[in-house]
Amino acid sequence: RGRTLLASAGTDARIRLWDPATGQAVRVLASEGTWINALCPVVVGQHMLLASAGNGHVIRLWDWQAGVLVRTVEQHTDWVRTLTSFRVGRLSVMASAGHDTAVRLWEGSSGQIVPGGFEGHTDWVTSVCVLAWGEHTLLASAGNDSAIRLWDVQAGPPLPAVDEGGAVTAVCAMTVHGKTYVASAESDHRVRVRDAATGEVVTVLEGHADWVRTLCVMPIGDEFHLATGGDDGRILVWDTARATILRTLPGHDDALTGLCPVRVGGRTLLASASSDRTLRLWDPATHAHCLAQESFDSAIAALSTVIVESQQLVAAGFEDGSIVLWDPERRRTLRVWPAHSEPITALTTVSLQGQPLLVSAGDDRTIQVWDPATGQARQRLDGHSDKITTLTAVTHGSRGRLISASDDRTLRVWDLQASHPTMSITVHSPAWDVASSGDLVVVGLSDGLLALALE
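Residue numbers (the numbering used here): 873 to 1327.
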């Protein structure tokens, strides 16, 4: 009758409806069994009913105004822990999940199961909720298997899962034979390669003795391999299909902070940067020793490549806030300029109206866009409230975008032509690295891995 009531339930097998304005109970519903684990309102026709579930596999649907049980639904084989309701078109749908690891969908008015229930969790499912994503209705489920899964209710198969594990310090995306994979460096010093379409781990790479800080795809001949660098000062080049180390590149005296492939004289070489204040050049296809080395006065914190006058150069960002452009063919520094008032944390390249630009970010919370041919600033992007940890370019629709991540627990998607963010995405923990492939964005967080689809 125009009032909002509060429903509660617990271990006494009773559902109580309260008037929150007075604190008085207005109705008590007695359920069979013991504990009640979940309550959820559901609209059936013109009526608001109440669904309950508990320490059994039965879901009960109540007409709470009349105080009577309307229907029971038995779609599970074990305790039900969580319920939610939503609409798909004109259909009222309930989602339920629990100890049998399945997420079931059923139609509210009839209790009939809706085709397309979701399987994938490997332990109890303890929570489900509904998300609106553009024109799509997504269902999120989480449980004791430390995974959050996002399901497209209309389409069926799950979107990539979210791992709630340890810290993910670096990520990169790679496409091999038309299939996209995501590599992530994790807190157990291992690198896991996942199928980007399902989130399933296909390969685990184990060889570093400390945290892995940087990853990149390394073409060798017709094959695409993975290069990794870590706090142990070593670079490992992997055959990811066989999970074996092709080559170990020792030499750095401190943690690796950047790796990137660079074309030099028709060959693809590997550039590396380190806290030992050196930039090195390697040929992983033929040599295990360093081809070139240059030392600097400050530790290198970020590495990228950029095209200047049809030549691929190496850009290095330093802890003193400066940027160096280095010529890998002549093996010398071409240009140095001050870029940030605090240490640089990230570098990437973007193309704006056909011109390659260099983008930097740092502890000073700013993003700077540079003309690499002159070292002149083109744009400054402000908005983050804490230090920026990573940058990546992404193709979103027909236009390129820039994604930044920060310890302020946000991702920002920037339109460089408009000089402002088109999207701000809040994440639940600090983001340490971001990679993209098409509309897929993968985020390495301080407590896990997150996959997002930009639409």
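Note that the Cβ used here is the ideal one computed from N, Cα and C, for glycine as well.
Asked, Found
"Using the three-state DSSP reduction, which class does V900 fall into: helix, strand or coil?", "strand"
"What number of angstroms, rounded off, separates the C-alpha of L977 from the C-alpha of V1002?", "12 Å"
"Per DSSP, V1318 forms a beta bridge with which residues?", "Here the sequence assigns Ser to residue 1318, which means Val is not the residue at that position. Paired residues: none, contrary to the question."
"Give the straight-line distance between the Cα atoms of D891 and T1298, rounded to the nearest whole angstrom.", "34 Å"
"Would you mind giving the Cβ-Cβ distance between V1025 and L1087, rounded to the nearest angstrom? I have them listed as a contact below 8 Å.", "Actually they do not touch by this definition, with Cβ atoms about 34 Å apart."
"Starting from the Cα of D972, find the closest Cα among V965, T1052, E991, V960 and give me that residue.", "E991"
"Checking 7 Å against the spacing of the C-beta atoms, do A932 and T944 come in under that value?", "Per the sequence presented here, residue 932 reads as Arg, with Ala not at that position. Going by C-beta atoms, R932 is nearer than 7 Å to T944."
"If you measure between the beta carbons of W1154 and L1121, is that distance less than 7 Å?", "yes"
"Have a look at T956 and L1131 and give me their C-alpha separation to the nearest angstrom.", "45 Å"
"Check the C-beta distance from G970 over to R953 and give it rounded, since I have them as a contact under 8 Å.", "4 Å"
"Can you tell me whether A1113 is helix, strand or coil according to DSSP?", "coil"
"Give, in chain order, every unbroken run of the beta strand (DSSP E) that is at least 3 residues long and sits entirely within the region 1134–1176.", "1139–1146, 1150–1154, 1162–1167"
"Under a Cβ-count criterion, where at least 16 other Cβ atoms within 10 Å of its own Cβ denotes burial, should T1177 be classed as buried or exposed?", "buried"
"Closer than 7 Å by C-beta to D1017: which residues in its own chain qualify, once you throw out the five before and the five after it? Chain order, please.", "H993, T994, D995"
"What's the C-alpha gap between L911 and G926?", "9 Å"
"Locate the beta strand (DSSP E) running through S1291, then write down its first and last residues.", "Neither: S1291 is in no beta strand (DSSP E) and is coded neither H nor E."
"Taking 6 Å as the limit between beta carbons, can you name the residues of its chain near P1029, skipping five residues before and five after?", "Reliability of the predicted coordinates at P1029 is poor, the pLDDT of 45 falling under 50, and no value is obtained from them."
"Leaving out the 5 sequence neighbours to the left and right, which residues in its chain are closer than 6 Å to D1287 when beta-carbon positions are compared?", "T1294"
"What separation, rounded to the nearest whole angstrom, lies between the Cα atoms of V1306 and R1066?", "15 Å"
"Taking a contact to mean a Cβ-Cβ separation below 7 Å, would you say H1256 touches D1280 in this structure?", "yes"
"For the structure I just gave you, are there three or more beta carbon pairs, one from the region 1191–1206 and one from the region 1221–1228, closer than 8 Å?", "no"
"Output needed for V965: all residues of its chain with C-beta closer than 8 Å, excluding positions within five of it in sequence on either side, in chain order.", "S957, F958, R959, L977, W978, E979, G980, V986, V1025"
"Would you kindly check if the distance between the Cβ of T1150 and the Cβ of A1218 is under 7 Å?", "no"
"By DSSP, does L1010 sit in helix, in strand, or in coil?", "strand"
"Going straight from the alpha carbon of T1161 to that of S1301, what length do you get?", "Reading off the sequence, residue 1161 comes out as His, not Thr. Each residue's alpha carbon lies about 39 Å from the other."
"Could you spell out the range, first to last residue, of the beta strand (DSSP E) harbouring Q1248?", "1248–1253"
"Work out the CA separation of L1011 and A1059 for me, nearest whole Å.", "The identity of residue 1059 in the sequence shown is Ser, whereas the question assumes Ala. Going by the C-alpha atoms only, they are around 29 Å apart."
"Pick helix, strand or coil for A1233, following the three-state DSSP scheme.", "strand"
"In angstroms with no decimal places, state the Cα-to-Cα distance between L941 and A902.", "9 Å"
"Should the region 1161–1173 be regarded as contacting the region 1104–1115, the criterion being three or more beta carbon pairs within less than 8 Å?", "no"
"Rounded to whole angstroms, how far is the Cβ of A1325 from the Cβ of L1317, which I believe are closer than 8 Å?", "About 17 Å separates the two Cβ atoms, so there is no contact after all."
"Could you check how far apart the C-beta atoms of T1052 and S1309 are, in whole angstroms? I think they sit under 8 Å.", "5 Å"
"Distance check for T1075 and L1022, CA to CA, integer angstroms please.", "22 Å"
"Is E1191 buried or exposed, if buried means 16 or more other CB atoms sit within 10 Å of its CB?", "buried"
"For E1036, name the three-state secondary structure that DSSP assigns.", "Per-residue confidence for E1036 stands at a pLDDT of 45, beneath the threshold of 50, marking its modelled position as unreliable; no derived number is given."
"Enumerate in chain order the residues of its own chain whose CB-to-CB distance from V1048 is below 6 Å, with the five nearest sequence positions on each side excluded.", "F1096"
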